[in-house]
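Colleague:
2 protein chains.
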Amino acid sequence: MMWTPIGSDSTVPIYEQIIGQVVGVVASGGLKPGELLPSVREMAGLLLVNPNTVARAYGELERSGIVESRRGTGMLITPDAPQKSAEMRVAILKDRLRPLLRDALGYGLTASEINRLIELELAATIVSKNHPKSKPANPETN
Amino acid sequence: MMWTPIGSDSTVPIYEQIIGQVVGVVASGGLKPGELLPSVREMAGLLLVNPNTVARAYGELERSGIVESRRGTGMLITPDAPQKSAEMRVAILKDRLRPLLRDALGYGLTASEINRLIELELAATIVSKNHPKSKPANPETN
DNA sequence: GTCAGTGTACTATGTAGGTATAACACTAGT
DNA sequence: ACTAGTGTTATACCTACATAGTACACTGAC
Numbered sequence: 096m097m098w099t100p101i102g103s104d105s106t107v108p109i110y111e112q113i114i115g116q117v118v119g120v121v122a123s124g125g126l127k128p129g130e131l132l133p134s135v136r137e138m139a140g141l142l143l144v145n146p147n148t149v150a151r152a153y154g155e156l157e158r159s160g161i162v163e164s165r166r167g168t169g170m171l172i173t174p175d176a177p178q179k180s181a182e183m184r185v186a187i188l189k190d191r192l193r194p195l196l197r198d199a200l201g202y203g204l205t206a207s208e209i210n211r212l213i214e215l216e217l218a219a220t221i222v223s224k225n226h227p228k229s230k231p232a233n234p235e236t237n
Numbered sequence: 096m097m098w099t100p101i102g103s104d105s106t107v108p109i110y111e112q113i114i115g116q117v118v119g120v121v122a123s124g125g126l127k128p129g130e131l132l133p134s135v136r137e138m139a140g141l142l143l144v145n146p147n148t149v150a151r152a153y154g155e156l157e158r159s160g161i162v163e164s165r166r167g168t169g170m171l172i173t174p175d176a177p178q179k180s181a182e183m184r185v186a187i188l189k190d191r192l193r194p195l196l197r198d199a200l201g202y203g204l205t206a207s208e209i210n211r212l213i214e215l216e217l218a219a220t221i222v223s224k225n226h227p228k229s230k231p232a233n234p235e236t237n
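Those protein sequence lines, which keep their order, are chains A and B. Numbering-wise, the working numbering comes out as the position in the first sequence, counting from 1, plus 95. Numbering-wise, the working numbering comes out as the position in the second sequence, counting from 1, plus 95.
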């Protein structure tokens, strides 16, 4: 329930999506310092992804100081992981947001139009999260 | 001035970025029906990109009915290109927005936090567009 | 007719991301 | 000691994307 399978509607590399999920869970208190991340193979099963891809994500999380590798035991959440994760979480979003907003402006849309579009889509995303059965007014995007 | 070179800070394929630029220019009236798109080779020079990549983008634009191929002449903007482009423009943005917003919610952020973050980043993007020389408060994102 | 400039097509090469599979080094529990 | 479960590393293979270079078919202007 804590981890959501990797979808295919994102151009973001899978290993980066995994990093994002871990950072998100840690930042929001779902995992606390001293606890262990799901093992590489277990996480691969949960996310329906190859273990190598998970290993790569874990490796980068270690280089970021979010997690510490314990051979034979698992990946340990570091003491300052919550703080670093909270920072990283907004950094990741900003990095993904920047090209999108630049393009949106390049399309000739005004800032208020862009904001309105985003708020609508955000609302739609929230309701579709609460009612996974029926998709909200989005008949055709093609 | 109408076309901006392809940057490298986007995970979106170059040919899709080109499609986006054309759609944006047409939707905002920068090019009208009956006019010609820059030639494959010329556009490649403007965007600092390989002609093959431009050709692929043009091909998909033709399949979308935005443009019509005239062998030996160029790519002609179709009569209903403005309408189709306007629709496509928001469809593209929505498709890129959806996974981002879903992830943002998954990170444990509230809708208002997300909206605030986006408005800040949007404002920053606008000023950096008007003052390309000095970058706004964004010393390090890594 | 010629020629420059169109779109189009093909082959080859390189890189990044992902999968599949296997092996290795280590730790904890029994 | 044994064993199961850790992280780690390595190889091979595949696909999408992008580049480089070349060639072909067509159009318009001269």
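Glycine residues also receive a C-beta, built at the ideal position from the N, C-alpha and C atoms.
1) When you compare only the Cα positions, how much space is there between P174(B) and L143(B)?
2) Taking its Cβ as the centre, do 16 or more other Cβ atoms sit within 10 Å of P133(A), making it buried, or is it exposed?
3) Tell me the DSSP bridge mates of V162(A)?
4) Span of the alpha helix (DSSP H) holding N225(A)?
5) If we count the other Cβ atoms within 10 Å of its Cβ and call it buried at 16 or more, is G119(B) buried or exposed?
6) Tell me the rounded alpha-carbon separation between P234(B) and S223(B).
7) CB-CB under 6 Å to E130(A), same chain, minus the five flanking residues each way: which ones, in chain order?
8) Taking only beta-carbon atoms, is P177(B) less than 8 Å away from chain A?
9) First and last residue of the alpha helix (DSSP H) that includes V78(A)?
10) Check the C-beta distance from V135(A) over to V149(A) and give it rounded, since I have them as a contact under 8 Å.
11) Assuming contact is defined by CB atoms lying nearer than 8 Å, are A176(B) and V121(B) in contact in what I supplied?
12) Identify, in the order they occur along the chain, each residue of the same chain with its Cβ nearer than 8 Å to the Cβ of N145(A), setting aside the five sequence neighbours on each side.
13) Does chain A have any CB closer than 8 Å to the CB of V185(B)?
14) For E216(B), which of N210(A), R193(A), E214(A), S207(A) has the nearest alpha-carbon?
15) Distance check for E137(B) and G115(B), CA to CA, integer angstroms please.
16) Scan the region 192-205 of chain B for residues whose Cβ lies nearer than 7 Å to a Cβ of chain A and list them as they occur along the chain.
17) Starting from the C-beta of L126(B), find all residues in its chain whose C-beta is less than 6 Å away, skip the five residues before and the five after it, and write them out in chain order.
Modeller: In terms of the structure at hand:
1) As a first step, residue 174(B) is located in the second sequence; it is residue number 79 there, counting from the start. As a first step, residue 143(B) is located in the second sequence; it is residue number 48 there, counting from the start. Rounded to whole angstroms, P174(B) to L143(B) spans 29 Å at the Cα level.
2) Here residue 133(A) corresponds to residue number 38 of the first sequence, with the count starting at 1. Result: buried.
3) The residue you call residue 162(A) lines up with position 67 of the first sequence. Partner(s): I172(A).
4) Position 130 of the first sequence, counting from 1, holds the residue named residue 225(A). Element bounds for N225(A): 206-225.
5) Within the second sequence, numbered from 1, the residue matching residue 119(B) stands at position 24. That one is buried.
6) Indexing the second sequence from 1 puts residue 234(B) at position 139. Indexing the second sequence from 1 puts residue 223(B) at position 128. With a pLDDT of 42 at P234(B), under the threshold of 50, the predicted position of this residue should be treated as unreliable, and no value is reported.
7) Residue numbering aside, residue 130(A) sits at position 35 when the first sequence is read from its first letter. If we look at E130(A) and ignore the five residues flanking it on each side, its Cβ neighbours are I172.
8) To locate residue 177(B), count along the second sequence from 1; it is residue 82. No, P177(B) lies away from the interface with chain A (no Cβ there is under 8 Å from its Cβ).
9) Chain A is shown only over 96 to 237; residue 78(A) falls outside these bounds and no answer can be derived.
10) Within the first sequence, residue 135(A) is the residue found at index 40, counting from 1. Within the first sequence, residue 149(A) is the residue found at index 54, counting from 1. Correct: roughly 5 Å between the Cβ atoms.
11) As a working note, residue 176(B) is residue 81 in the second sequence. As a working note, residue 121(B) is residue 26 in the second sequence. The Cβ-Cβ distance between A176(B) and V121(B) falls below 8 Å.
12) For the purposes of this step, residue 145(A) is taken as the residue at position 50 of the first sequence. Excluding sequence neighbours, N145(A) sits near A139.
13) Indexing the second sequence from 1 puts residue 185(B) at position 90. With a threshold of 8 Å between beta carbons, V185(B) makes contact with chain A.
14) For the purposes of this step, residue 216(B) is taken as the residue at position 121 of the second sequence. Closest option to E216(B), judged by alpha-carbon separation, among N210(A), R193(A), E214(A), S207(A): R193(A).
15) Locating residue 115(B) in the second sequence gives position 20, where the first residue counts as 1. Locating residue 137(B) in the second sequence gives position 42, where the first residue counts as 1. Here the alpha carbon of G115(B) sits roughly 17 Å from the alpha carbon of E137(B).
16) Residues passing the 7 Å Cβ filter: L192, R193, P194, L195, L196, R197, D198, A199, L200, G201, Y202, G203.
17) Indexing the second sequence from 1 puts residue 126(B) at position 31. So the qualifying residues of the chain are V120, I172.
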